[in-house]
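Residue numbers (full-length UniProt numbering), protein chains in the order written: chain A, 1 to 220; chain B, 1 to 220.
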């Protein structure tokens, strides 16, 4: 990360201004609608300098979030392999990362991101664009059901992390990792595999799974 | 910390001092180890005044947490009825409360409680003593397994709330309540009913479920 030489790349004030502008942009407009050009303009620097310091927009986002890990590397890794063990691999990966030294930084990031509406929006962008979107891409899921399925998985994994690492509720907090994998992974797997409830198709605009775009008689 | 003299009931400064002392005590010593007497002493008031303003220790705790609802009333209500629908009733109750006007206050409470270690400890006490303990008491669960089962349920419900109300991840955020009940309740029910994983008995000191105290051959 730390780069020396040329253009005073160590200028911490400039970097801080860029990160601040990035946070503002990502929170206000979301990850997709934010551009490095606009962020650079807001920070009063040349876009090339943003690229030079941070690389891609995605890496800038991770830096703006103080993200201790890069889900772009971890998620595809956890999701490659037999589909029927995806739940197990996801839960074990989440616990392994948070049990590691990076975990306390992750707790800190999570806490600060939850603290108000503005930073919560950043966290939502992080979860959606960096985690869920990749998970959808890595898993074979019906496109009409994929967003609900992956967000259900996210609720279980986020809840597990909060219970174990943030609130530290016993026996979650000190349970052996494999106990939690064994207890939680089957439920994560069911969110991926179980048939969607009957009521889902009416929620989903009356579209039959897999038939995205069919007209909705209820007009919702 | 501002102390005024004379008990002038309704004195907001006095009430605030008591609540501040209560938060400190509950966070430092936990709910069980905190006494109204000690809290009154810390606030420089007579214990009778604490009872006068707030009633029981439990009600003082709810007031100190700015809790918008009283889980002591809701949990037993959600858990009475057929055991095989306990998961469904829990999920629907949680969504109903958070969808109600009290919900935004609950989001605010949750956010502020997550914000640092000190207030997170208060939230843990709240979850453990006001929610999980009641849930254990209302459900017929093997005592050796009850704490893990109820904390697993708590992770799923907490994660659902964070996804829907705090981070507002779509489609969780705007999904019809009954879609979420139908999708999530079966997993909550499984946390209550499914056999504990094999690995649990070694975690649990080698005790077979229901046979608390049996020796553990692995010696863990």
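Note that beta-carbon positions come from the ideal geometry of N, C-alpha and C, so glycine has one too.
Quick caveat: nothing in here was measured; it's all calculated off a predicted structure.
Rounded to whole angstroms, what is the Cα-Cα separation between residue i and residue j?
i              : j              : result
residue 176(B) : residue 158(B) : 18 Å
residue 31(B)  : residue 22(B)  : 9 Å
residue 62(B)  : residue 45(B)  : 20 Å
residue 58(B)  : residue 34(B)  : 11 Å
residue 152(B) : residue 109(B) : 22 Å
residue 156(A) : residue 118(B) : 25 Å
residue 80(B)  : residue 138(B) : 7 Å
residue 64(B)  : residue 89(B)  : 28 Å
residue 172(A) : residue 141(A) : 30 Å
residue 154(B) : residue 111(A) : 18 Å
residue 146(A) : residue 98(A)  : 26 Å
residue 60(A)  : residue 40(A)  : 11 Å
residue 161(A) : residue 73(B)  : 28 Å
residue 19(B)  : residue 48(A)  : 53 Å
residue 36(A)  : residue 50(A)  : 7 Å
residue 55(A)  : residue 42(B)  : 54 Å
residue 91(A)  : residue 17(A)  : 36 Å
residue 66(B)  : residue 38(A)  : 41 Å
residue 114(B) : residue 71(A)  : 23 Å
residue 178(B) : residue 78(B)  : 16 Å
residue 130(A) : residue 104(A) : 20 Å
residue 150(B) : residue 11(A)  : 51 Å
residue 198(A) : residue 24(B)  : 48 Å
residue 134(A) : residue 134(B) : 39 Å
residue 26(B)  : residue 96(B)  : 28 Å
residue 100(A) : residue 100(B) : 39 Å
residue 213(A) : residue 174(A) : Confidence is the limiting factor: at residue 213(A) the pLDDT is only 38, short of 50, which leaves the residue's position unreliable, though a coordinate-based value still follows. For residue 213(A) and residue 174(A), the distance between alpha carbons rounds to 47 Å.
Is it the case that the CB of residue i approaches a heavy atom of the ligand COA more closely than 7 Å?
i              : result
residue 122(A) : Summarising the ligand content, the structure contains no ligands, and the ligand COA is consequently not present.
With distance defined between alpha-carbon atoms, name the residue in the options nearest to residue i.
i              : options                          : result
residue 169(A) : 53(B), 86(B) and 132(B)          : 132(B)
residue 190(A) : 137(A), 86(A), 28(A) and 98(A)   : 86(A)
residue 193(A) : 148(A), 51(A) and 56(A)          : 148(A)
residue 144(B) : 200(B), 172(B) and 52(B)         : 200(B)
residue 224(A) : 172(A), 84(A), 52(A) and 99(A)   : With chain A represented from 1 up to 220, any question about residue 224(A) goes unanswered, as that position is not in the structure.
residue 102(B) : 69(B), 130(B) and 196(B)         : 69(B)
residue 120(B) : 28(B), 74(B), 19(B) and 174(B)   : 28(B)
residue 94(A)  : 43(A), 76(A) and 38(A)           : 76(A)
residue 107(A) : 134(B), 82(B), 116(B) and 174(B) : 116(B)
residue 136(A) : 17(A), 83(A) and 92(A)           : 83(A)
residue 181(A) : 11(B), 25(B), 12(B) and 196(B)   : 196(B)
Could you run through the stretch 166 to 196 of chain B and flag, in chain order, every residue whose CB is less than 8 Å away from some CB of chain A? 166, 167, 168, 169, 170, 171, 172, 175, 176, 178, 179, 182, 183, 184, 186, 187, 190, 191, 194 and 196
Could you say if the stretch 124 to 141 of chain A and the stretch 121 to 129 of chain B meet the contact criterion of at least three C-beta pairs nearer than 8 Å? no
How do the stretch 160 to 167 of chain A and the stretch 180 to 195 of chain B stand: do at least 3 beta-carbon pairs fall below 8 Å, yes or no? no
Just by C-beta distance, which residues in the UniProt DNA-binding region "H-T-H motif" (35 to 54) of chain B are closer than 7 Å to chain A? none
Can you list, in chain order, the residues of the stretch 11 to 25 of chain B whose Cβ is nearer than 7 Å to any Cβ on chain A? none
When Cβ atoms are compared, which residues of the stretch 116 to 141 of chain A fall closer than 8 Å to chain B? 116, 120, 123, 124, 127, 128 and 132
Interface positions of the stretch 83 to 100 of chain A facing chain B (Cβ-Cβ less than 7 Å), listed along the chain: none
Name the residues in the stretch 69 to 82 of chain A whose C-beta lies less than 9 Å from a C-beta of chain B; which are they? none
In chain order, what residues of the stretch 140 to 162 of chain A put their CB closer than 8 Å to some CB of chain B? 147, 148, 151, 152, 154, 155, 156, 157, 158, 159, 160 and 162
What residues in the stretch 102 to 114 of chain B bring their beta carbon closer than 7 Å to a beta carbon of chain A? 111 and 114
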